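Single-structure report; data block below.
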Amino acid sequence: RTKIMETKGGGGRGGPGQHASRRAPAARADGEEAKPGSDFWERISRGNNMTKVGSSTNPRDVASQIAAQARAAVDCPVLQCLGPQSTNQAVKAIAIARTYLFQSDQLGQRSHPDLAVYPEFVKLEGGNDDQLSAVQLVLSKRSRRPCDVKDGRSLKVGKETDAKSLAGAIANCTREGSRVELTAIGAASVNQAIKSIAIARQYVEEEAIDLCCRPEFVEINEGDGDNSTSALRFLVLVEQT
Numbered sequence: 006r007t008k009i010m011e012t013k014g015g016g017g018r019g020g021p022g023q024h025a026s027r028r029a030p031a032a033r034a035d036g037e038e039a040k041p042g043s044d045f046w047e048r049i050s051r052g053n054n055m056t057k058v059g060s061s062t063n064p065r066d067v068a069s070q071i072a073a074q075a076r077a078a079v080d081c082p083v084l085q086c087l088g089p090q091s092t093n094q095a096v097k098a099i100a101i102a103r104t105y106l107f108q109s110d111q112l113g114q115r116s117h118p119d120l121a122v123y124p125e126f127v128k129l130e131g132g133n134d135d136q137l138s139a140v141q142l143v144l145s146k147r148s149r150r151p152c153d154v155k156d157g158r159s160l161k162v163g164k165e166t167d168a169k170s171l172a173g174a175i176a177n178c179t180r181e182g183s184r185v186e187l188t189a190i191g192a193a194s195v196n197q198a199i200k201s202i203a204i205a206r207q208y209v210e211e212e213a214i215d216l217c218c219r220p221e222f223v224e225i226n227e228g229d230g231d232n233s234t235s236a237l238r239f240l241v242l243v244e245q246t
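Going by my numbering, the letters in the sequence shown line up with residues 6 to 246, in that order.
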């Protein structure tokens, strides 16, 4: 049994969100790194809308930045992650930002957008001419709408889950018209879930469809006890391209 968790407060204030392209902006040539919570207007005006998320980054700081940009007439930041813990922090930030926007939508007189996430792999230049593989989370504003997977498939993701096998299952379900819901507990499991969606996007890219996801916190009750475990749930959505 799962229950959606609420995150209270935060997210900053601003104007209503505007729909934006999901295309990732080019990285700056000078390699300047955006810091969570920094003023985004000047940074975006200079052509930098990339935020690097580290293993020790505070998810609420990033969530406030995401929510602020989602409410403004600018694109949401692109989150760049290197390693499972960094990816986990970034996904938590997105889930928190979605809660901030939902609360603003409920309390305010203006409509606030929801967020869709498009995971993809990127290559980073490392030392000694090495290339490092990273995950990039491209965020796009979307209209708020209720979603459920009553007629879809719910899949649990573990730290040992093979990302390519899971990606194949996701791609097959979407081809059949079924919605997919992934549930992950812990950084390693969340990382495998994100990787599987990124790979599944590659599997279906020649079929005139694309995949995105919407992460949220849930509490999972296992067994007959009252103990619950915090998890991240990903609703995988299909879009025509």
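Glycine included, every Cβ here is placed at the ideal spot set by N, Cα and C.
Please read all numbers here as calculations on a predicted model, not as lab measurements.
- What number of angstroms, rounded off, separates the C-alpha of L84 from the C-alpha of N232? 33 Å
Sub-8 Å separation of A205 and L216 beta-carbons:
yes
For I101 and A68, which I take to be in contact (beta-carbon distance under 8 Å), what is that distance rounded to the nearest angstrom? 4 Å
- Query: Starting from E221 and walking both ways along the beta strand (DSSP E), at which residues does that stretch end?
  - Reply: 214-226
Which residues share a DSSP beta bridge with P124? L142
Is it the case that the Cβ atoms of A213 and T179 are separated by a distance below 8 Å? no
* Nearest to A98 by alpha carbon, out of K146, P220, S235, Y123? -> P220
Answer yes or no: do S138 and A168 have a C-beta to C-beta separation smaller than 8 Å? no
- Item | Where K169 sits in the DSSP three-state scheme | helix
Looking only at C-alpha atoms, which of C218, T234, A192 sits nearest to A203? C218
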